[in-house]
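Residue numbers (the numbering used here): 49 to 127.
So the structure is just underneath, and the comments pick up after that.
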């Protein structure tokens, strides 16, 4: 997900409800590194969720250059 703050409880609850589907994998992009702890708190306990954060602001350019183009390692570790 890109562009939502999850301040809207309705959207937050819809996303949490969708995460009860074990077949679903959700990726949430944290715009600022500070947002990472907040998102970890909001989505604690969900194993089918990945939070993406950079040391710099994560705008579309940074996402395309540093995240979207990342090549997965053969060991499964995150780049």
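Glycine is no exception: its CB is placed at the ideal position from the N, C-alpha and C atoms.
Computed from a predicted model, the values in this text were never measured in an experiment.
Once you ignore the five residues that flank residue i on each side, which residues in its own chain have a CB closer than 8 Å to its CB?
i	result
residue 98	73, 74, 75, 76
residue 67	74, 91, 94, 96, 97
Can you list, in chain order, the residues of its chain whose CB lies under 7 Å from that of residue i, leaving out five sequence neighbours each side?
i	result
residue 115	100
residue 87	76, 78, 99
residue 110	102, 104
residue 84	78, 99, 101
If residue i and residue j are in contact, beta carbons under 8 Å, what's the gap, nearest whole angstrom?
i	j	result
residue 79	residue 106	5 Å
residue 102	residue 71	No, residue 102 and residue 71 are not in contact; Cβ-Cβ is about 28 Å, not under 8 Å.
Reducing DSSP to helix, strand and coil, say where residue i ends up.
i	result
residue 52	coil
residue 84	helix
residue 99	strand
Under the criterion of a Cβ to heavy atom distance below 7 Å, does residue i qualify as lining the ligand PLP?
i	result
residue 66	With respect to the ligand PLP, the structure offers nothing, as it holds no ligand at all.
To which residues does DSSP link residue i through a beta bridge?
i	result
residue 76	99
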